[in-house]
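Going line by line, the protein sequences match chains G and Z.
Numbering-wise, the first sequence is residues 1 to 378 according to this note's numbering.
Numbering-wise, the second sequence is residues 1001 to 1098 according to this note's numbering.
Each residue gets a CB set at the ideal place from its N, CA and C atoms; glycine is no exception.
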Amino acid sequence: MKRAVERHLNILEFTLASLLRRKVKNLSLLTMYLLVIFMLASLVFFVTALKREAAMILNDAPDMVVQRLVAGRQDLVPAEYAAEITRIRGVTAVRPRLWGYYYDALNGANYTVMASDDPNTTSDKAAIGAGVAKVRNLAVGDLLPLISYDKAPLMLEIGTIFPSASDLIAADMIVISPRDFHQLFNFPSGQATDLAVSVRNAKELPTVAAKIAVQFPDSRPILKSEILRTYQSVFDWRGGMALLILASSLLSFIIFAWDKATGLSAEERKEIGILKSIGWETSDVLLLKFWEGIVISLTAFLLGVVLAYGHVFFLSAPLFAQVLKGWSVIYPNFKLVPVVNAYQLAVLFFLTVVPYTTATIIPCWRAATIDPDAAMRY
Amino acid sequence: MRRSLQFLLFTSFGLLILMLLPLHAHRAQQLSVAELRGQSFLLKSLQLTDLCLVTEARYTRHPAMADRHSPFQEHPVALEHFPSGSLILPPLHGRDKP
C-alpha cells in the first residue's frame, strides 16, 4: 500500500516538474481551460438560481390573468368582463389591474407604473423601486415630477422606496393610486389593463379559462402555470446567451480534445521514448499522463467553479448583467440566493474533467506502446 | 515540502471549498426566507406576474404577459432590435394560442 502511494507521489512529482518545464504552454492551457469552466459554471449557477427565485417569487402570482386582444394586440379590458367572469362558478375574485409603461425623456428610462388598490395608497404619493430612486436620485419625501398624457405635470411625493433586495421584482416600479394612474395616462374609466382572476380550486383553472375563452372570444387567459413555465424556460439552453456560452465551451473542448487526440508533440514523444529506455513501464507512462491530465483539469475545475460561485453570488454576476443590460437604463442588482447541488457539480465535472483526461491518455497509450528507439527517433 | 504534497494539499483545500459551497448555499437559502416573504407580500398585494430582469423592452420586461410575436409588432417590417430579445425566450402560452 505504502509502496503504491509512494509510486503515485513520485510520478506526480515528475509530472509537476515536467509541466513546469513547459511553464508558458501549460499555464496558458490552464488559463483557457479555467475560463471555459468559469463561464460554463457561472451560467449554470446563474440560470439555476434565477429559475429557483422565479419559482419561489411567482408562486404568489395571480391564478390567472385575462387579457383582451384587438387586431392581434393587447387592448384594454372593459369592466363588464370582470363582472361577467366573477359569475363563473369557481371564481372567487376578479381584480382589474391598472398598469403601463412610462418613458422618462430625461434619462431614457422605462418605468413600470402600477396602480395599487390598497386603500392606504393616497393620491399624490408614490412608492418607487430602488432602480427608479437611483436614476432620478430620489429619497423619501422628495417630489417625482411626471408629465401626464395631456401634457400636464403630475407631482408625486415619494412615500416609500422598495429595498434593493426586492430589485428582482420592483427595480423599475412606480406604484401610485388609481386616481393618479388615470390622470397620468389619461386612462379611460371603466377599463383595466387586464384582469387578475382568483380561482378556489387550482384544478379548475383550465376549465375556468376555457369558459372565459368561450364567453369572451377576444380574451386570452394566461394561467399561473404558464407564467411559471415561461420563467423556467426563459434562459433555456436554446436561448441566445445559454446557446452562445454552451457553443463556445463545446468548441473549446473540441479544440482541446482535438489537440490532444491528434497526437503528442515531438518533444513529448521523445520524452516517452527516453523514459521507456531507462526502464519505465507502459503503465508508468500512462500514469504520468493521467496525472498530467488530472493536474491541469482538476485545478481548472476547482478554481473555475469556486470563482464562478463568487462571480454569480458575491459579485452579482457582473459579466451577465452587462449582457442583460442591453439598452436598459434601469437594471436590477442580481443579488441571487445561491443554489448549488451535487448534481450540478457532477454534471460540470463530467462535462469538463473527464473528456480532457481521457483525451490525454489515448494518444499517450499509442506512443507508450511503440518501441522506445522508434519513439525517440520520431 | 515535496511538490507533489504541495499539489495534493492545494487540491484538498480546493475540494474542501467546493464541498462547502452547497452548505453556504443552504445557509443563504434559509436566511433569505424572511426577505422572500416581504417580496411575496408586495407581489400578492400588487398581483405582479413578472420578474424585473430587463427593462429595455416591454416584451422582455413582462415576458409572461407578452405575445410570441410582440418584438415584431412595432411596424409591419420591424426587426428585433433589443439585445435582450435575443437572450430571453418568448412566452410559452403563445405557442398553442393566438
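Residue burial classification, residue i (beta-carbon count within 10 angstroms, cutoff 16)
| i | result |
| --- | --- |
| residue 1047/Z | buried |
| residue 53/G | buried |
| residue 183/G | buried |
| residue 151/G | exposed |
| residue 1001/Z | exposed |
| residue 364/G | buried |
| residue 120/G | exposed |
| residue 160/G | exposed |
| residue 107/G | exposed |
| residue 1005/Z | exposed |
| residue 25/G | exposed |
| residue 38/G | buried |
| residue 291/G | buried |
| residue 23/G | exposed |
| residue 366/G | exposed |
| residue 86/G | exposed |
| residue 203/G | exposed |
is_contact[residue i, chain A] using C-beta, thresh 8 Å
| i | result |
| --- | --- |
| residue 1025/Z | No chain A is present in this structure, whose protein chains are G and Z. |
Pair within 8 Å by beta-carbon distance, residue i and residue j
| i | j | result |
| --- | --- | --- |
| residue 70/G | residue 219/G | no |
| residue 170/G | residue 141/G | no |
| residue 35/G | residue 303/G | no |
| residue 380/G | residue 64/G | As shown, chain G starts at 1 and ends at 378. That puts residue 380/G outside it, with no answer to give. |
| residue 276/G | residue 372/G | yes |
| residue 168/G | residue 97/G | no |
| residue 334/G | residue 321/G | yes |
| residue 1061/Z | residue 112/G | yes |
| residue 1007/Z | residue 16/G | yes |
| residue 189/G | residue 122/G | no |
| residue 361/G | residue 293/G | yes |
| residue 62/G | residue 1028/Z | no |
| residue 233/G | residue 1089/Z | yes |
| residue 1055/Z | residue 172/G | yes |
| residue 42/G | residue 317/G | yes |
| residue 94/G | residue 109/G | no |
Whole-angstrom distance between residue j and residue i, CA atom to CA atom
| i | j | result |
| --- | --- | --- |
| residue 228/G | residue 199/G | 17 Å |
| residue 1098/Z | residue 1016/Z | Because the pLDDT at residue 1098/Z is just 43, under 50, the model does not fix this residue reliably, and the value given afterwards should be weighed accordingly. Their backbone Cα atoms lie some 52 Å apart in a straight line. |
| residue 146/G | residue 100/G | 14 Å |
| residue 308/G | residue 126/G | 39 Å |
| residue 1031/Z | residue 1091/Z | 32 Å |
| residue 19/G | residue 306/G | 23 Å |
| residue 369/G | residue 336/G | 52 Å |
| residue 12/G | residue 285/G | 11 Å |
| residue 1057/Z | residue 1082/Z | 7 Å |
| residue 91/G | residue 201/G | 9 Å |
| residue 353/G | residue 346/G | 10 Å |
| residue 342/G | residue 1022/Z | 8 Å |
| residue 250/G | residue 116/G | 48 Å |
| residue 403/G | residue 1009/Z | The requested residue 403/G does not occur in the structure, where chain G is confined to residues 1 to 378. |
| residue 79/G | residue 124/G | 25 Å |
Range of the contiguous alpha helix (DSSP H) that encloses residue i
| i | result |
| --- | --- |
| residue 1006/Z | 1003–1031 |
| residue 1066/Z | Taken as a continuous stretch (DSSP letters only), residue 1066/Z belongs to no alpha helix (DSSP H), as it is neither H nor E. |
| residue 65/G | Element bounds for residue 65/G: not the alpha helix (DSSP H) but the beta strand (DSSP E), 64–70. |
Closer than 7 Å: residue i CB and nearest the ligand GDP heavy atom
| i | result |
| --- | --- |
| residue 1011/Z | The model depicted lacks the ligand GDP and carries no ligand whatsoever. |
For residue i, the first and last residue of its enclosing beta strand (DSSP E)
| i | result |
| --- | --- |
| residue 387/G | This structure leaves residue 387/G out entirely; chain G is present only between 1 and 378. |
| residue 151/G | Here residue 151/G belongs to no beta strand (DSSP E), and DSSP marks it neither H nor E. |
| residue 100/G | 99–104 |
| residue 227/G | Per DSSP, residue 227/G belongs to no beta strand (DSSP E); it is in the alpha helix (DSSP H), 224–232. |
| residue 136/G | Element bounds for residue 136/G: not the beta strand (DSSP E) but the alpha helix (DSSP H), 130–136. |
Chain-ordered neighbours of residue i on chain Z, where CB pairs are closer than 7 Å
| i | result |
| --- | --- |
| residue 56/G | 1036 |
| residue 309/G | 1021 |
| residue 169/G | 1039, 1042, 1043, 1048, 1051 and 1052 |
| residue 353/G | Neighbours of residue 353/G on chain Z: none; closest Cβ ~12 Å, over 7 Å. |
| residue 175/G | 1046 |
Within chain G, the residues that residue i reaches when beta carbons sit closer than 7 Å
| i | result |
| --- | --- |
| residue 1068/Z | Under the 7 Å cutoff, chain G gives no residues; its nearest Cβ is about 11 Å from residue 1068/Z. |
| residue 1063/Z | 230 and 234 |
| residue 1028/Z | 337 and 338 |
Listed by chain order, chain G residues near residue i by CB distance under 9 Å
| i | result |
| --- | --- |
| residue 1072/Z | The contacting residues do not exist; residue 1072/Z stays about 11 Å from chain G at best. |
| residue 1009/Z | Those within 9 Å of residue 1009/Z in chain G number zero; the least Cβ separation is about 12 Å. |
Neighbour list for residue i in chain G, Cβ cutoff strictly below 8 Å
| i | result |
| --- | --- |
| residue 1015/Z | 302 |
| residue 1018/Z | 302, 305, 306 and 345 |
| residue 1032/Z | 337 |
9 Å Cβ cut-off: residues of chain Z touching residue i
| i | result |
| --- | --- |
| residue 110/G | 1055, 1056, 1057, 1058 and 1061 |
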